[in-house]
Every structure is written in C-alpha cells, then in structure tokens.
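Residue numbers (this note's numbering): -8 to 189.
The next block holds one structure in the form of structure tokens; read it before the comments.
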Amino acid sequence: MVKVGVLALQGGVIEHINMLNKISGVEAVEVKKAEQLAHIHGLIIPGGESTTIGKLMAKFNLKEPVIQYAKNGMPIWGTCAGMILLAKHIVNQDWSYLNLMDIYVRRNAYGSQLDSFISYQLIPKVSSEKLPLVFIRAPYIEKAEGDVEVLAELNGKIIAAEQKNLLATSFHPELTDNLSFHRYFVDKIIHNDTVKTG
C-alpha cells in the first residue's frame, strides 16, 4: 500500500484526498503533525494561500521536518501555492519558504480569481492524451536552474516541472476528474529508491 500524505493545514486538501482514494493501492492521509511524515511515502502540498500555509507550517513545527524529508528523498508535489512553497526563489520577494526547488516563481501571475481559466495540453511524460489544466490565481515559473526538468509550458511560461523527488504544477489537477497527474506522482513514489512501500 502506498501512503500519500496531503498537507492539511489550509487549501484544497479534500480534493486531493478524493483523487488519491480513486487510485487502487493508495491510501490518502491528512498530514497535520510532523510525526505523521514518518508513516507516509510521499507528500502533496495543495493549493491555497501560500503565505498562510507557510505560517502554519512554521507554527505547527512542520517546516523543518518537511525540508529534511525532502532532502532525504521523499517525493513531494506542490500544486499552485504548493509550488510557491517549494521554490528557492519568489520573484519580487527576498525570502522563500521551504527553499527546496531551483525555480523562480511569480505569484498570482495570471491575475485574480476572476481570471481563472482552463487549458487543454499534452504533457507527454504524464499522459498520452491532452489534460485539462485548471488555473486559479496561478503562479508560473519564470526560470528553472540546475537539474530541473520542464514538463510543460504555456505561452512561453513554465507551468510544470520536476527536480529529482520534487514535482511542481501551477495548475490544479485535483479540480478535474482526470487522475493522470496523481497517478504520475504515485508512480514517482513507487519508483523512488528511498521509499519502501508495502
């Protein structure tokens, strides 16, 4: 059984839980305490308010443990606000949150909630079919460095990338009925050398 945690401090937690529960062999776990990290194989940081999630991670002593588990190889996927939290660099801001991924992220790059939209795009590494990509007050990656692999771009801006055990998306796969990205993350966990599932 693959146990996938969803950081359950704020944001789109239940949507990720519901998607994970549709995948055979996966158990979804709401993560609210640092000690729970020892019992999961991968972690999703959901969309929401990155500032709020960052503050709550510090308040509940989750920030440093998550950083350590990430550096030790635990697969972590950040969607929207989660991508901002993973980034080492946030444009027009002189500090970052988890400081894990070699990306420069621009917040609210697509405008306000009224500017939300859906795009359909082929992301070959994730699916052989076009995927629905839901953007809500979404950030994008202005620049990727080091061994970051770009998975998808939209109008010249990076919207999905991964770096070793880390995955980041501007959009919200949990707000669609397409399981491709969640299956991709579960496969990433299963094939991770540091993870022993069973």
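Idealized CB from N, CA, C, for every residue including glycine.
It should be emphasised that the depicted structure is a prediction, and the values quoted were computed from it without experimental measurement.
Rounded Cβ spacing between residue i and residue j (contact assumed at less than 8 Å)
| i | j | result |
| --- | --- | --- |
| residue 125 | residue 167 | 6 Å |
| residue 51 | residue 13 | Residue 51 to residue 13, Cβ: 28 Å. No contact. |
| residue 145 | residue 10 | In fact, because the Cβ distance is near 22 Å, the residues do not count as touching under 8 Å. |
C-beta contact flag for residue i and residue j at 7 Å
| i | j | result |
| --- | --- | --- |
| residue 61 | residue 41 | no |
| residue 132 | residue 123 | no |
| residue 157 | residue 92 | yes |
| residue 134 | residue 175 | no |
| residue 149 | residue 32 | no |
| residue 58 | residue 89 | yes |
| residue 7 | residue 37 | yes |
| residue -7 | residue 22 | no |
| residue 44 | residue 113 | no |
Terminal residues of the beta strand (DSSP E) in which residue i lies
| i | result |
| --- | --- |
| residue 97 | 92 to 97 |
| residue 45 | Premise fails: residue 45 lies in the alpha helix (DSSP H), 41 to 50, not in any beta strand (DSSP E). |
| residue 152 | 148 to 154 |
Residue i: first and last residue of the uninterrupted alpha helix (DSSP H) it sits in
| i | result |
| --- | --- |
| residue 61 | 54 to 62 |
| residue 11 | 4 to 11 |
| residue 23 | Careful: residue 23 lies outside any alpha helix (DSSP H) and carries neither H nor E. |
Burial state of residue i (16 or more Cβ within 10 Å)
| i | result |
| --- | --- |
| residue 111 | exposed |
| residue 120 | exposed |
| residue 54 | buried |
| residue 86 | exposed |
| residue 141 | exposed |
In DSSP terms, what residue i is bridged to
| i | result |
| --- | --- |
| residue 158 | 68 and 153 |
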